[in-house]
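What follows is a short report on a single structure.
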Amino acid sequence: MDGLPNELGKLQNLRLLDLMRCDQKNPIQPGLLQRLSLLEELYIVEDSFKDWDDEERQAERCNVNLSELSSLSRLIVFSLHLSMKRLPEGFVFPDLQRYDISINSFYGYHIFTGRQIPEYPNSRILRIIKLDASSPNAFKLLFSNVEYLLIDSCGTEYLIDITGGNHAVMFSNLVKLSLQNLSCLRTICQGPDHQLTFSNLTVLELNYCRLLTKLLSPVVAQSLGKLENLKLSNCNALKQIISKEDRMLLHSQNQHISLPKLRFLEIVGCNQQEYIFPITVAQSVPLLEKLIMRKLPKLKQVFGHEDEGEVGDGN
């Protein structure tokens, strides 16, 4: 069978459609989804897409189906696993209550959440791999409630753009953030970051983000009260986790950054890293159990003020 019969569209009261173990090359015919206007739960695993040789044909078929999601106003639970290089121009995933969305990530990244995939989502998971630079904008409505976020090998210069207009608070539910192989990434947030918070983040991992010069703004850093695990590796342009200017700003406002639950800190291969945290942060990490620093040839300080001289050696 080449695809689901068009007659399925006559099931106008259908609330759940599960295609997670459908082996057909193109299980959803164009125009079918938008006819299922009462659909609340949709599960799709299109593993076969990754074996197609005709990329234009692949994009055309995927684009038709994804664009139809905007017509499903009652959709609240969504599981999607497919392979494609770009999303439809202007497409934005709808606001969802639960989801497990994986683009170009099938069975190699189950370690990210500690669970096998595919599965029926009981949380909010995004795995975005090898998409073009404009595609992350398609997930902007989901950034307000995503819990697990992996972005790998995408050409984006920033994670989220909140310049202009009104935006919901971003990443307030995020538990784990993993940014990998983002060779063009320059900043986490493009625009004012007062609507950006990591108040539930416990794990932060960055690897091979070569153009990132600083990691955290004061506003974002002050929201990391639940952070337990921080791992930075091979971020060659990264000089400071919090810049000197930002530290001075916090000091002038009599504000401090506290990481009371931080247990594990690893920084490896960040060739421009000059220091880790100011002394005020060092006094607020009572639970720190493991500190790993390797291949930091320019490290001046571990914890301390710049005018205090060296406190540690990172070689």
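Sequential numbering from 10 applies to the sequence shown in my numbering. Glycine included, every Cβ here is placed at the ideal spot set by N, Cα and C.
Start and end of the alpha helix (DSSP H) containing residue i?
{"i": "Thr-196", "result": "Not the alpha helix (DSSP H): Thr-196 falls in the beta strand (DSSP E), residues 196-199."}
{"i": "Ile-288", "result": "288-291"}
{"i": "Val-229", "result": "227-230"}
In three-state DSSP terms, what is residue i?
{"i": "Glu-3", "result": "Residue coverage of the chain in this structure runs from 10 to 324, which leaves residue 3 outside it and unanswerable."}
{"i": "Ile-37", "result": "coil"}
{"i": "Leu-139", "result": "The identity of residue 139 in the sequence shown is Lys, whereas the question assumes Leu. Of the three classes helix, strand and coil, the one that applies to Lys-139 here is coil, per DSSP."}
{"i": "Glu-237", "result": "coil"}
{"i": "Asn-216", "result": "strand"}
{"i": "Arg-44", "result": "helix"}
{"i": "Ser-153", "result": "helix"}
{"i": "Phe-312", "result": "strand"}
{"i": "Glu-275", "result": "strand"}
{"i": "Leu-1", "result": "This structure leaves residue 1 out entirely; the chain is present only between 10 and 324."}
{"i": "Asp-255", "result": "helix"}
{"i": "Leu-17", "result": "helix"}
{"i": "Ser-80", "result": "helix"}
{"i": "Ser-144", "result": "helix"}
{"i": "Leu-75", "result": "helix"}
{"i": "Ser-261", "result": "helix"}
I need the straight-line Cα distance from residue i to residue j, nearest angstrom please.
{"i": "Asp-161", "j": "Lys-139", "result": "6 Å"}
{"i": "Val-86", "j": "Tyr-284", "result": "44 Å"}
{"i": "Asn-15", "j": "Pro-97", "result": "23 Å"}
{"i": "Leu-213", "j": "Lys-185", "result": "6 Å"}
{"i": "Leu-233", "j": "Asn-209", "result": "7 Å"}
{"i": "Cys-279", "j": "Asn-182", "result": "29 Å"}
{"i": "Leu-224", "j": "Phe-180", "result": "16 Å"}
{"i": "Ile-197", "j": "Leu-17", "result": "43 Å"}
{"i": "Arg-337", "j": "Ser-79", "result": "Given that the chain is displayed from residue 10 to residue 324, the structure contains no residue 337 and the question cannot be resolved."}
{"i": "Gln-189", "j": "Leu-305", "result": "19 Å"}
{"i": "Ile-301", "j": "Leu-205", "result": "28 Å"}
{"i": "Phe-100", "j": "Lys-19", "result": "26 Å"}
{"i": "Leu-105", "j": "Lys-94", "result": "23 Å"}
{"i": "Gln-43", "j": "Phe-148", "result": "20 Å"}
{"i": "Asn-216", "j": "Leu-241", "result": "6 Å"}
{"i": "Asn-74", "j": "Ile-171", "result": "28 Å"}
{"i": "Phe-286", "j": "Leu-91", "result": "41 Å"}
{"i": "Leu-51", "j": "Leu-26", "result": "5 Å"}
{"i": "Lys-248", "j": "Leu-135", "result": "29 Å"}
{"i": "Gln-231", "j": "Met-29", "result": "41 Å"}
Which residue from the options puts its Cα closest to that of residue i?
{"i": "Arg-133", "options": "Phe-152, Gln-281, Ile-171, Pro-227", "result": "Phe-152"}
{"i": "Thr-222", "options": "Pro-201, Ser-192, His-203, Phe-207", "result": "Ser-192"}
{"i": "Ser-187", "options": "Ile-171, Thr-211, Phe-312", "result": "Thr-211"}
{"i": "Val-311", "options": "Leu-296, Lys-304, Ala-291, Leu-297", "result": "Ala-291"}
{"i": "Leu-84", "options": "Leu-48, Glu-156, His-265, Ile-250", "result": "Leu-48"}
{"i": "Arg-303", "options": "Ser-46, Pro-201, Gln-282, Leu-91", "result": "Gln-282"}
{"i": "Ser-144", "options": "Glu-166, Ser-82, Gly-18", "result": "Glu-166"}
{"i": "Ile-266", "options": "Asn-243, Arg-24, Gly-278, Leu-236", "result": "Leu-236"}
{"i": "Asn-131", "options": "Glu-156, Ser-111, Ile-137", "result": "Glu-156"}
{"i": "Leu-113", "options": "Leu-89, Leu-268, Val-101", "result": "Correcting the residue identity first, residue 113 is Asn in this sequence and not Leu. Comparing Cα-Cα distances from Asn-113 to each of Leu-89, Leu-268, Val-101, the minimum goes to Leu-89."}
{"i": "Val-277", "options": "Gly-99, Gln-262, Asn-245", "result": "Asn-245"}
{"i": "Val-54", "options": "Leu-42, Asp-109, Ser-76, Glu-77", "result": "Asp-109"}
{"i": "Leu-41", "options": "Glu-50, Gln-21, Met-29", "result": "Gln-21"}
{"i": "Ser-76", "options": "Ile-37, Asp-141, Arg-107, Phe-286", "result": "Ile-37"}
{"i": "Leu-45", "options": "Met-29, Ser-82, Leu-28", "result": "Ser-82"}
{"i": "Lys-299", "options": "Gln-264, Ser-293, Leu-271", "result": "Leu-271"}
{"i": "Ile-203", "options": "Arg-219, Pro-227, Leu-194, Cys-218", "result": "One detail in the question is off: residue 203 reads as His in this sequence, not Ile. If we check each option's Cα against that of His-203, Pro-227 comes out closest."}
{"i": "Phe-207", "options": "Leu-239, Arg-195, Leu-220", "result": "Leu-239"}
Along the chain, where does the beta strand (DSSP E) that runs through residue i open and close?
{"i": "Ile-250", "result": "Per DSSP, Ile-250 belongs to no beta strand (DSSP E) and is neither H nor E."}
{"i": "Met-302", "result": "299-303"}
{"i": "Ile-169", "result": "167-170"}
{"i": "Lys-307", "result": "That residue, Lys-307, is in no beta strand (DSSP E); it is neither H nor E in DSSP."}
{"i": "Gln-204", "result": "Element bounds for Gln-204: n/a, residue is neither H nor E."}
Can you tell me which residues form a DSSP beta bridge with residue i?
{"i": "His-90", "result": "Val-54, Ser-111"}
{"i": "Ile-160", "result": "Ile-137, Leu-188"}
{"i": "Leu-25", "result": "Glu-50"}
{"i": "Ser-7", "result": "Coverage of the chain is limited to positions 10 through 324, which leaves residue 7 absent and any answer about it impossible."}
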